[in-house]
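Peer 1: Counting along the sequence shown from 1, when you hit position 4 you're at 3 in numbering that gives the first Met the number 0, and nothing is skipped either side.
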Amino acid sequence: MPVTKFRLSPLRNTDSFFHDGKLMGITSRMKSYQLCWEINRILDFNFKMNHELEITLLKKEKKCFFPVYEYTEPLRFTIHYLYNNHYKGEFLLPELKHTDYLWMIKGDYYGGEELKYLIEAVKKIVRIQLVTILHFDDLKSKENLIL
C-alpha cells in the first residue's frame with residue numbers, strides 16, 4: 000500500500016499567521032512591564048506576560064529570550080501581542096533596531112479609525128517616542144514573530 004506524504008509549506012504557514020494581523024512599532028525606553036501597565040491603564044486593557052509564548056532564538060551562539068505579553072478581547076474576536084524587540088544587544092527583528100516593542104493585533108475589529116484611536120492613545124503616554132504602523136511584507140525576519 001503506498002504511503003501518502005504531506006509537506007508543510009513554510010510560506011503558506013507564514014501567510015496564514017499574518018493574514019488578519021496589523022503591526023505597530025513602538026519606540027520607548029520603558030521596561031516592558033511599565034509599558035504594559037501604561038497601555039492597560041489608558042486603554043483599559045489587560046496585557047499579561049505569557050511565559051508559554053516567550054520566543055527563544057539562538058543568536059551568535061547565545062540564547063536570546065524575547066518576552067511576549069498577551070491580551071484577548073473575546074467579544075471582538077481579537078488577540079493583542081506585545082513583543083519585546085531587544086535582548087542584551089540582539090533583536091527579534093534585526094531590521095528594526097530602533098524599535099523597542101512590536102504590537103501585533105490579530106483579528107478584523109481594528110481597522111482604520113479604531114487603529115488610529117489606539118495609536119493616538121499610546122502616543123499620549125509620556126515616555127513614548129514613536130508609534131508607527133509597520134507592514135509585514137516589508138519585514139525580512141517576520142517569521143520570528145510566529146507564535
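Note that CB positions come from ideal geometry on N, CA and C, so glycine has one too.
Computed from a predicted structure; not experimentally measured.
1. Between leucine 56 and the rest of its own chain, which residues show a CB-CB distance below 8 Å, the 5 nearest in sequence each way excluded?
2. Go to asparagine 84, then tell me how far its alpha helix (DSSP H) extends in each direction, as first and last residue.
3. With 16 as the cutoff for other CB atoms within 10 Å, does tyrosine 108 come out buried or exposed?
4. With DSSP as the reference, identify every bridge partner of cysteine 63, one or two as the case may be.
5. Near leucine 168, which residues of its chain fall below 6 Å by C-beta distance, leaving aside the five closest residues on each side in sequence?
6. Have a look at asparagine 39 and tyrosine 32 and give me their C-alpha separation to the nearest angstrom.
7. So, under 8 Å CB-CB, methionine 23 and isoleucine 118 are touching, yes? Tell me the CB distance rounded to an integer number of Å.
8. Could you pull out every residue in the same chain whose Cβ sits closer than 8 Å to the Cβ of asparagine 45, ignoring the five residues on either side in sequence?
Peer 2: Based on what the coordinates show:
1. Lys62, Cys63, Phe65, Glu89, Leu91 and Asn143
2. Unbroken run through asparagine 84: none, as it is neither H nor E.
3. exposed
4. Leu56
5. It is not possible to answer for residue 168, since the shown part of the chain is limited to 0 through 146.
6. So the two alpha carbons sit approximately 10 Å from each other.
7. 7 Å
8. Answer for asparagine 45: Asn39 and Tyr70, listed in chain order.
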